[in-house]
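Visitor: Sharing a structure with you now.
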Amino acid sequence: MWMLQMDSGNIHHNKKGNGRIRWISDFRALNKALKRQVYHLPKIGDILARHTNYAFLTKLDVSMQYYTFVLDDKSKKLTTIATPFDTYRYLRLPMGISQSPDIAQEIMDKVLHDLFEEVEVYIDDIGCFSTSWDKHILLLDIVLSWLEDAGFTINPLKCEWGVKETDFLGHWLTPKGNKPWKKKVSAILAMKPPTNLKQLRSFLELVMFYRDMWPRRSDALAALTNLLGTKVFSWGPDQQKSLEEMKAIVARDALLAYLDNMQPYDVKTDTSNYQLGAVIKQKGRPIAYCSRKLNSAQRNYTTIEKELLSIVVSFCEYRNILLGGRIHVHTDHKISPMK
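Numbering of the sequence shown is given in UniProt numbering, commencing with residue 1 and proceeding in unit increments.
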């Protein structure tokens with residue numbers, strides 16, 4: 001797993017949301033020498049799509065999860081850190097090592113694997129979904145027992161028990177569908193016009209986290225994304241208009257319904273001179289939006305070519321949803337009959 005022994009790393013700290021101090025070790029040099037054994041984390045979109053019409057949800061937070069895993073002697077030497085007081089070694093798996101999330105996810109998946117239809121795990125976040133209160137109580141009893149047997153504890157201050165709605169993995173979950181988390185929406189709306197590319201990228205990253213939620217996103221962001229390819233950052237009326245338009249879209253009350261694999265999918269495509277997009281619906285309710293900016297070559301396509309490209313892009317983007325399902329494609333473009 002390790003390639004070579006490294007010199008001692010540095011340590012610094014930041015402040016948690018609850019006011020406590022989080023110590024962080026700098027393992028960048030170690031990570032460069034680490035032969036990482038990748039264990040893929042689940043896709044958040046897949047997690048959100050798996051639990052339709054649940055009745056009760058409990059959110060658990062595994063306390064100090066990484067410190068549950070004991071390091072062997074060779075690994076302990078490689079995690080040496082230097083402080084103003086002395087030099088120390090970690091005895092348990094620390095944050096900051098590239099392999100840490102992989103190890104945590106793999107072990108948690110093994111512990112709760114038999115409950116995969118009702119329980120979702122994303123590193124140290126656990127969601128328990130049930131269709132009735134009695135089933136939920138029974139499920140929680142099993143989950144907590146298995147976690148205890150595996151040596152894990154939970155942080156009750158970060159847990160929510162038997163609720164209908166809550167934030168989970170950056171989204172706001174309800175029995176009817178999921179929304180953008182109000183905390184993240186407020187952060188987007190509060191952002192001031194960027195003064196450099198770094199600030200612009202921060203804004204775009206926040207918006208793109210919810211890329212499934214908002215239609216015609218690429219059209220609204222065109223003036224901003226065009227800045228990413230420039231050497232000189234220049235903010236003008238077009239960029240300000242784009243920022244305000246995107247904030248107006250974000251401020252809307254968006255809700256994506258949970259998908260039902262037994263129902264057909266309606267895919268309605270749309271194109272403009274600068275972007276292509278689509279909305280995927282079931283029973284008239286949107287479950288995802290697709291939006292992408294056209295490149296210079298694609299902008300020269302004919303209308304029918306753009307519509308076809310929109311279909312292809314939508315199918316590729318949401319392959320995990322659409323594959324194997326019944327699909328109805330709707331397009332506004334009509335071919336004129338030949339005379």
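From the three backbone atoms N, C-alpha and C, an ideal C-beta is built for every residue, glycine too.
Just the C-alpha distance for S296 and R326, rounded to the nearest angstrom, thanks.
Guide: As a working note, residue 296 is residue 296 in the sequence shown. As a working note, residue 326 is residue 326 in the sequence shown. Distance between the alpha carbons of S296 and R326 is about 33 Å.
Visitor: Could you compute how far the alpha carbon of R217 sits from the alpha carbon of Y90?
Guide: Translated into positions along the sequence shown, residue 217 becomes position 217. Translated into positions along the sequence shown, residue 90 becomes position 90. Near 45 Å, if we compare the C-alpha coordinates of Y90 and R217.
Visitor: Which class does V121 belong to by DSSP, given the choice of helix, strand or coil?
Guide: As a first step, residue 121 is located in the sequence shown; it is residue number 121 there, counting from the start. Residue state, collapsed to three classes: strand.
Visitor: For R201, which of helix, strand or coil comes out of DSSP?
Guide: Here residue 201 refers to the residue found at position 201 of the sequence shown. Of the three classes helix, strand and coil, the one that applies to R201 here is helix, per DSSP.
Visitor: Which same chain residues, not among the five before or five after A55, have their C-beta less than 7 Å away from its C-beta?
Guide: Residue 55 sits at position 55 when you count from the first residue of the sequence shown. Correct list, in chain order: S130, T131, S132 and P175.
Visitor: Quick check on the burial criterion: 16 or more other C-beta atoms within 10 angstroms. Buried or exposed for residue 342?
Guide: As displayed, the chain neither begins before 1 nor continues past 339, which places residue 342 out of reach and without an answer.
Visitor: Would you kindly check if the distance between the Cβ of F152 and the Cβ of L57 is under 9 Å?
Guide: Translated into the one-based positions of the sequence shown, residue 57 becomes position 57. Translated into the one-based positions of the sequence shown, residue 152 becomes position 152. Taking 9 Å as the Cβ cut-off, L57 and F152 do not qualify as a contacting pair.
Visitor: Does A222 come within less than 9 Å of chain C when only Cβ atoms are used?
Guide: In the structure shown, chain C does not exist; there is a single protein chain.
Visitor: What is the residue span of the alpha helix (DSSP H) that N53 lies within?
Guide: Indexing the sequence shown from 1 puts residue 53 at position 53. Unbroken run through N53: none, as it is neither H nor E.
Visitor: Can you tell me whether Y66 is helix, strand or coil according to DSSP?
Guide: Here residue 66 refers to the residue found at position 66 when the sequence shown is read from its first residue. Y66 falls in the helix class under three-state DSSP.
Visitor: Can the beta-carbon of S98 be found closer than 9 Å to that of F27?
Guide: Residue 98 sits at position 98 when you count from the first residue of the sequence shown. Residue 27 sits at position 27 when you count from the first residue of the sequence shown. Against a cut-off of 9 Å, the Cβ pair of F27 and S98 comes out as a contact.
Visitor: With 16 other CB atoms within 10 Å as the buried threshold, where does V143 fall?
Guide: What you label residue 143 is simply residue 143 of the sequence shown in a count that begins at 1. Buried.
Visitor: Based on Cα-Cα distance, which residue from G177, K184, K268 and F69 lies nearest to A49?
Guide: In the sequence shown, counting from the first residue as 1, residue 49 sits at position 49. When only C-alpha atoms are compared, the closest one is G177.
Visitor: Should D109 and N320 be called a contact, given that it needs their Cβ atoms to be closer than 9 Å?
Guide: Your numbering for residue 109 matches position 109 in the sequence shown. Your numbering for residue 320 matches position 320 in the sequence shown. For D109 and N320, no; Cβs fall outside 9 Å.
Visitor: Is the beta carbon of I103 sitting closer than 9 Å to the one on S25?
Guide: Looking up residue 103 in the sequence shown gives position 103. Looking up residue 25 in the sequence shown gives position 25. No, these two residues do not count as a Cβ contact at 9 Å.
Visitor: In this structure, does DSSP put W181 in helix, strand or coil?
Guide: Your numbering for residue 181 matches position 181 in the sequence shown. DSSP places W181 in coil when its eight states are reduced to three.
Visitor: Where does N261 fall in DSSP's three states?
Guide: Here residue 261 refers to the residue found at position 261 when the sequence shown is read from its first residue. DSSP places N261 in coil when its eight states are reduced to three.
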